[in-house]
Amino acid sequence: MIEFTQNLTTDFLNYVSQAESFYVVESSLVLFVAFLLDLFQRKTLFALKEKAKRTKTIWDDVVLGALPKPISIIIWISSFSYVADIIQRATQKMLFYELFDPAREIGIILCLFVFAIGLINKAEQNILIHSEVSDQTTIHALAKLGYLVVSIAGGLTLLQTLGLSISGLMAFGGMGGIAVGFAAQDLLSNFSAASFTEDSASISLIVFTMYALTGSILTTLRKS
Numbered sequence: 021m022i023e024f025t026q027n028l029t030t031d032f033l034n035y036v037s038q039a040e041s042f043y044v045v046e047s048s049l050v051l052f053v054a055f056l057l058d059l060f061q062r063k064t065l066f067a068l069k070e071k072a073k074r075t076k077t078i079w080d081d082v083v084l085g086a087l088p089k090p091i092s093i094i095i096w097i098s099s100f101s102y103v104a105d106i107i108q109r110a111t112q113k114m115l116f117y118e119l120f121d122p123a124r125e126i127g128i129i130l131c132l133f134v135f136a137i138g139l140i141n142k143a144e145q146n147i148l149i150h151s152e153v154s155d156q157t158t159i160h161a162l163a164k165l166g167y168l169v170v171s172i173a174g175g176l177t178l179l180q181t182l183g184l185s186i187s188g189l190m191a192f193g194g195m196g197g198i199a200v201g202f203a204a205q206d207l208l209s210n211f212s213a214a215s216f217t218e219d220s221a222s223i224s225l226i227v228f229t230m231y232a233l234t235g236s237i238l239t240t241l242r243k244s
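As numbered in the numbering used here, residues 21 to 244 make up the sequence shown, in order.
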């Protein structure tokens with residue numbers, strides 16, 4: 021058994037020492053280091069997030085909650101791109117390099133998209149916790165608007181990165197944007213009017229309550 025283990029170890033070391041097969045070990049080491057980096061950043065950000073919960077501001081919780089996924093994407097895309105470069109240099113084949121070369125730009129766009137979506141999501145959750153019940157509908161509406169803007173911007177940027185011309189789409193969208201702008205103007209005016217109406221109703225109720233209270237006090241004084 022010992023002799024078999026020694027022979028197996030010797031054969032493995034001989035295989036690794038060969039130049040044409042060393043890229044396998046190098047690629048495995050790169051992926052292992054990427055795994056350790058990803059684990060380290062998740063543990064670090066989790067510890068910072070727990071400390072941020074004890075602060076008064078909510079924005080540190082929002083940013084730290086949205087960071088882990090984009091950083092993980094950057095780590096793994098960078099590691100796979102480096103592995104593809106190693107394989108290309110070792111095998112003299114451009115297949116892996118051609119596949120992962122555009123993945124770097126797509127990965128950056130994906131990181132920004134995931135970070136923006138996570139930022140909006142965490143902000144919505146944290147603001148809802150500290151907001152009144154009457155403000156929750158407004159917060160949900162603004163969050164959905166943010167999701168829509170980020171999704172459209174990310175999609176157009178991704179299409180441009182893939183080599184698709186978006187000039188015609190932007191021209192068509194500009195004409196549609198005019199109609200949407202007029203509709204949004206009416207929507208914004210109705211939203212503002214509703215807000216002022218709600219505030220006016222609240223003020224009127226307070227004034228009416230104070231007036232009724234004053235009347236009750238005066239009636240009590242007259243009777244006495």
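All C-beta atoms in this analysis are idealised placements derived from N, C-alpha and C, irrespective of residue type, glycine included.
Nearest residue (CA-CA) to residue i, options the options
i	options	result
V134	R74, A67, P88	P88
V169	A110, A136, I129, V44	A136
S48	W79, F66, F60, I106	I106
I93	G127, K71, Y43, I78	G127
V90	V44, L162, L65	Per the sequence shown, the amino acid found at residue 90 is Pro instead of Val. The residue with the shortest Cα to Cα distance from P90 is L65.
S171	L132, S101, A110	L132
8 Å Cβ cutoff met for residue i and residue j
i	j	result
I95	A54	yes
I147	Y167	no
I129	G174	yes
A86	K164	no
E125	T75	no
D81	K73	yes
Neighbourhood of residue i by C-beta, 6 Å cutoff - its chain only, sequence neighbours within 5 removed
i	result
V83	none
G78	Going by the sequence as given, residue 78 is Ile instead of Gly. Cβ neighbours of I78 beyond the five flanking positions: N146.
E46	I106
I223	At I223 the pLDDT is 46, less than 50, meaning the model places this residue with poor confidence and gives no usable figure here.
D58	S92, I95
Close-in-space but distant-in-sequence residues of the same chain around residue i (CB under 7 Å, 5 per side omitted)
i	result
L51	S99, V103
I97	A123, R124, G127
Y43	I106, I107, A110
Three-way DSSP call (helix, strand, coil) for residue i in this model
i	result
Q156	helix
I78	coil
Q61	helix
G138	helix
K73	coil
G175	helix
Q180	helix
L68	helix
L87	coil
Q112	coil
Same chain, Cβ closer than 8 Å to residue i, neighbours up to 5 away in sequence not counted
i	result
Q156	L148
Q61	P88, I91, S92, I95
L68	L84
K63	none
Residue i CB to nearest heavy atom of the ligand GTP below 7 Å
i	result
V53	You won't find the ligand GTP in this model; it holds no ligand whatsoever.
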